[in-house]
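Structure record follows, encoded as structure tokens.
2 protein chains.
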Amino acid sequence: MKLVIIGGGPAGSEAALMARKIDRTAEIYLIEKQEYPQYSPCGLPYALAKDIENFEDLIIFPKEFYEKQGIKIILNQEVKKIDTSEKIVVLSNNEIINFDSLILSTGSKPTKVEIEGINKKGVFSIKNLNETKELSEYIKYSKKAFVVGFGIIALESAYALKKRGLDVTIVARKARPMRQNLDQDMGDIVIEYLKQKGINLILGKEISKIEGNEKVTNVLIENDLYPADIVLIATGVCPNIDLAIEAGIEVGRGILTNDKLQTSVKNIYACGDCASIKDFFTGKQIVSNLGTNAVRQAKIAAINALGGDEIFNPVINATITEIFDLKIGAFGLTEDQLMESKIEYAKAKYKGKSRAEYYPGAKDIFVKLITNIEGKVLSVQIIGEEGVFARTLAIAFAIQKGMNVYELSKSENCYCPPLSPTIDPLQICAELVIKRLKK
Amino acid sequence: MKLVIIGGGPAGSEAALMARKIDRTAEIYLIEKQEYPQYSPCGLPYALAKDIENFEDLIIFPKEFYEKQGIKIILNQEVKKIDTSEKIVVLSNNEIINFDSLILSTGSKPTKVEIEGINKKGVFSIKNLNETKELSEYIKYSKKAFVVGFGIIALESAYALKKRGLDVTIVARKARPMRQNLDQDMGDIVIEYLKQKGINLILGKEISKIEGNEKVTNVLIENDLYPADIVLIATGVCPNIDLAIEAGIEVGRGILTNDKLQTSVKNIYACGDCASIKDFFTGKQIVSNLGTNAVRQAKIAAINALGGDEIFNPVINATITEIFDLKIGAFGLTEDQLMESKIEYAKAKYKGKSRAEYYPGAKDIFVKLITNIEGKVLSVQIIGEEGVFARTLAIAFAIQKGMNVYELSKSENCYCPPLSPTIDPLQICAELVIKRLKK
Numbered sequence: 175m176k177l178v179i180i181g182g183g184p185a186g187s188e189a190a191l192m193a194r195k196i197d198r199t200a201e202i203y204l205i206e207k208q209e210y211p212q213y214s215p216c217g218l219p220y221a222l223a224k225d226i227e228n229f230e231d232l233i234i235f236p237k238e239f240y241e242k243q244g245i246k247i248i249l250n251q252e253v254k255k256i257d258t259s260e261k262i263v264v265l266s267n268n269e270i271i272n273f274d275s276l277i278l279s280t281g282s283k284p285t286k287v288e289i290e291g292i293n294k295k296g297v298f299s300i301k302n303l304n305e306t307k308e309l310s311e312y313i314k315y316s317k318k319a320f321v322v323g324f325g326i327i328a329l330e331s332a333y334a335l336k337k338r339g340l341d342v343t344i345v346a347r348k349a350r351p352m353r354q355n356l357d358q359d360m361g362d363i364v365i366e367y368l369k370q371k372g373i374n375l376i377l378g379k380e381i382s383k384i385e386g387n388e389k390v391t392n393v394l395i396e397n398d399l400y401p402a403d404i405v406l407i408a409t410g411v412c413p414n415i416d417l418a419i420e421a422g423i424e425v426g427r428g429i430l431t432n433d434k435l436q437t438s439v440k441n442i443y444a445c446g447d448c449a450s451i452k453d454f455f456t457g458k459q460i461v462s463n464l465g466t467n468a469v470r471q472a473k474i475a476a477i478n479a480l481g482g483d484e485i486f487n488p489v490i491n492a493t494i495t496e497i498f499d500l501k502i503g504a505f506g507l508t509e510d511q512l513m514e515s516k517i518e519y520a521k522a523k524y525k526g527k528s529r530a531e532y533y534p535g536a537k538d539i540f541v542k543l544i545t546n547i548e549g550k551v552l553s554v555q556i557i558g559e560e561g562v563f564a565r566t567l568a569i570a571f572a573i574q575k576g577m578n579v580y581e582l583s584k585s586e587n588c589y590c591p592p593l594s595p596t597i598d599p600l601q602i603c604a605e606l607v608i609k610r611l612k613k
Numbered sequence: 175m176k177l178v179i180i181g182g183g184p185a186g187s188e189a190a191l192m193a194r195k196i197d198r199t200a201e202i203y204l205i206e207k208q209e210y211p212q213y214s215p216c217g218l219p220y221a222l223a224k225d226i227e228n229f230e231d232l233i234i235f236p237k238e239f240y241e242k243q244g245i246k247i248i249l250n251q252e253v254k255k256i257d258t259s260e261k262i263v264v265l266s267n268n269e270i271i272n273f274d275s276l277i278l279s280t281g282s283k284p285t286k287v288e289i290e291g292i293n294k295k296g297v298f299s300i301k302n303l304n305e306t307k308e309l310s311e312y313i314k315y316s317k318k319a320f321v322v323g324f325g326i327i328a329l330e331s332a333y334a335l336k337k338r339g340l341d342v343t344i345v346a347r348k349a350r351p352m353r354q355n356l357d358q359d360m361g362d363i364v365i366e367y368l369k370q371k372g373i374n375l376i377l378g379k380e381i382s383k384i385e386g387n388e389k390v391t392n393v394l395i396e397n398d399l400y401p402a403d404i405v406l407i408a409t410g411v412c413p414n415i416d417l418a419i420e421a422g423i424e425v426g427r428g429i430l431t432n433d434k435l436q437t438s439v440k441n442i443y444a445c446g447d448c449a450s451i452k453d454f455f456t457g458k459q460i461v462s463n464l465g466t467n468a469v470r471q472a473k474i475a476a477i478n479a480l481g482g483d484e485i486f487n488p489v490i491n492a493t494i495t496e497i498f499d500l501k502i503g504a505f506g507l508t509e510d511q512l513m514e515s516k517i518e519y520a521k522a523k524y525k526g527k528s529r530a531e532y533y534p535g536a537k538d539i540f541v542k543l544i545t546n547i548e549g550k551v552l553s554v555q556i557i558g559e560e561g562v563f564a565r566t567l568a569i570a571f572a573i574q575k576g577m578n579v580y581e582l583s584k585s586e587n588c589y590c591p592p593l594s595p596t597i598d599p600l601q602i603c604a605e606l607v608i609k610r611l612k613k
């Protein structure tokens, strides 16, 4: 059995290691275009913030680790062609590698943004390690940064740049942070927090021009010119699917897969940011873009590529982040999305405390739940400085097992005054939704 | 409708408030023998530690709050008799109150311990507010404290006394802390931690005599005499059931209830530490002794006492505590209990990190899971300085909904480097159990 894996990010590397775990004799090739073996892309903003000391700390395993496991790791090489009938891949150095099974884990790239002057020095994205390292150096000679976008990476980047001492402005077309996951009322809590932390917000507008000779010196937003040293583009990513398209593999937004993570070509699998998988809430194909799901897909893809028969369940895409001390956990459908899909829903929002009310240091925690009319949870939005991870993880597991708000409100929670209130905020919020469902 | 509630602790007070919520016109009596309305008994060790500034902070609602809701709250009065056929209760001042429905929430009292000299000044328990306040004063003139017992209250008390600057020794018959919930291997982690924090441990022994004239001056343990100022008895509690027994209501260890929390007498209900309820793992009747379950039972008892028809589900008795920075979350059956019940099981223990491996400040987290041969979780034991509450809450909800280790290992978790690793320690531990189940 010869397994070739294209892309050595979190998905590809995990697939290689999993394949080795279940098959001691398979020939395994892992091909990566960057000079590093797998590192944690989710850690990049925190390394930029210097919460993590060195960028190299993000490298999970050195090249030698893979080699010791008998994985042939090829760095600094791109695959330029896949021939599905000949079962070969062609590298940029024209080397040809044949395969029995192929896993595509080609990842994603920053969405292209059309702004005049975007190729100037001082414009960055933080999609990969080298570019983020460059940005980290560039910060030392900079004072003012503009972050374009309002998603999770934009928020984490703004935090990192602020922590590094820059004057930071977020510029976003829509006045709602993480709008895939948060409604406006919950987004406003984040906006308030960003303001408190001294981050400038220019919302409902966009940068029309980046000025400067070689280097960025100003950005133009409507008719206002702002001095700027750095422009960080964080408007999202799109899957790397060109290679798959050229090979005749079916794609949607990502490379289409079935519940075995098999593509339209029998012996070819896809996982990670390049793959399209099923959404738990809608049943539709989506691209996850989460590290958790990349790794989880990778394991299943590896098992099946080696002849196994494992199912990959639909994803809830449980998203969580930390910026400064604020944690935001969110997944499911926003009210916008529900209205657009004409799904009837009930909702409730509750502001509770992370610990017993009387316990010093208890922090506000905001919980919003949305359900369908049967009480099935369709959206979870949790924001606060403490206890957000706990509640997000707890409800994530619970709803994957099918727990509805009625069951949630009746479930036994865990209580100790320094850690939680007697009745969990999640459950109080569930009770509030139930009241509305009963009307 | 006239509802009388005996006992104004967490269960009784919650029952009164819930009853008022669902019935605006019912006559509600709440009778409490102490001078305070409901306070948080779980907060007492933390008030003793001075983590919570004043004992009075633990009082959830003042007397006036109940009165404003039209609840007749009677403090400093005990019920000395219940006549179930006449439907009356007789107070210690001989006042007679008739009822349509009665809720027993008489709570629990410290288990009696037979030690010579136990009535001397300086011997305490921390079961109620006044006694804990007295202890808090007594600490000011004390140097050396001995805590008898090794359960959760003993651990929390030892922590509190140490934090108050005393030299603290735990004396326990068995060398295993929280042995209802922890196996020896996990208990040893707690023991190691207590030692690091400078708490003395005398295990496998007991105090045979408390010496001193009026006040404690020494304790005798086997043939060794130790100077001592305080002896804190924390060997557990037993339910207050005398009143129920005298009234002819059926009891086991606690007052027996069905799944509506009704006692053997039709219009009489029981909830909280005095009530016997069904255990999730064994199906047997147990007394929970947890605040979460007291409050949850109280709601159901109130609903049903007013003519409702709600079911109280069996309890997992999810226990969690914090001592110093260590959190311990545990529930289910220990290996001892499983062997005694001749239940076949598989187990795994995993030492992971609370955050991404590379993230500064990541703490060790120890997870132990035990399942039956079908993979149903029978025991959860989690110990660490960070992230224990999250995992305990998450698996508590999940297994109440019936999630087994196979499903747990495949579930989507939440990941962000400062908050969690890519694959949750709970899930890695689940995978380890699965490996053993497959053998």
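Protein sequences appear in the order of chains Z and P. Going by this note's numbering, the first sequence runs without a break in its numbering and finishes at 613. Going by this note's numbering, the second sequence runs without a break in its numbering and finishes at 613. Note that beta-carbon positions come from the ideal geometry of N, C-alpha and C, so glycine has one too. Predicted model only: the values in this text are computed from it and were never measured.
Could you give the C-beta distance for residue i and residue j, rounded to a whole number, given that I count them as a contact under 8 Å?
i, j, result
"Y173 (chain P)", "I179 (chain P)", "One cannot answer for residue 173 (chain P) here, as it falls past the ends of chain P, which runs 175 to 613."
"V579 (chain P)", "G549 (chain P)", "5 Å"
"P488 (chain P)", "S282 (chain P)", "Not really, about 20 Å apart at Cβ, beyond 8 Å."
"R338 (chain P)", "A223 (chain P)", "7 Å"
"L507 (chain Z)", "F455 (chain Z)", "5 Å"
Are residue i and residue j touching if we call contact CB-CB under 8 Å?
i, j, result
"V342 (chain Z)", "A319 (chain Z)", "yes"
"Q436 (chain P)", "N478 (chain P)", "yes"
"I226 (chain P)", "Y533 (chain Z)", "yes"
"F229 (chain P)", "K307 (chain P)", "yes"
"A185 (chain P)", "A472 (chain P)", "yes"
"V607 (chain Z)", "K527 (chain Z)", "no"
"I205 (chain P)", "I248 (chain P)", "yes"
"G426 (chain P)", "S450 (chain P)", "yes"
"V345 (chain Z)", "I395 (chain Z)", "yes"
"S585 (chain P)", "G561 (chain P)", "no"
At the 8 Å Cβ level, is residue i part of the contact set with chain P, yes or no?
i, result
"A475 (chain Z)", "no"
"T495 (chain Z)", "yes"
"A572 (chain Z)", "yes"
"F563 (chain Z)", "yes"
"D231 (chain Z)", "yes"
"V411 (chain Z)", "no"
"C445 (chain Z)", "no"
"I547 (chain Z)", "no"
"Y532 (chain Z)", "yes"
"A328 (chain Z)", "no"
When the cut-off is 8 Å and only beta carbons count, does residue i lie next to chain Z?
i, result
"I597 (chain P)", "yes"
"T566 (chain P)", "yes"
"C216 (chain P)", "yes"
"N304 (chain P)", "no"
"M360 (chain P)", "no"
"V469 (chain P)", "yes"
"A189 (chain P)", "no"
"S594 (chain P)", "yes"
"V253 (chain P)", "no"
Name, in chain order, the residues that DSSP records as bridge partners for residue i.
i, result
"E385 (chain Z)", "Z:N392"
"C216 (chain P)", "According to DSSP, which records beta bridges pairwise, C216 (chain P) is partnered with nothing at all."
"V554 (chain Z)", "Z:F505, Z:L543"
"Y400 (chain Z)", "Z:V393"
"P413 (chain Z)", "Z:S282"
"T495 (chain P)", "P:I502"
"N374 (chain P)", "P:T343"
Subject >> beta strand (DSSP E) runs wholly inside the stretch 505-546 of chain P, at least 3 long, in chain order >> reply: You should have 519-527, 538-546.
Subject >> Completely contained beta strand (DSSP E) runs for the stretch 272-327 of chain Z, where each covers 3 or more residues >> reply: Segments of the beta strand (DSSP E) lying fully in the stretch 272-327 of chain Z: 275-278, 282-284, 318-322.
Subject >> Ordered list of beta strand (DSSP E) runs contained in the stretch 180-244 of chain Z, each at least 3 residues >> reply: Runs of the beta strand (DSSP E) lying entirely within the stretch 180-244 of chain Z and spanning at least 3 residues, in chain order: 201-205.
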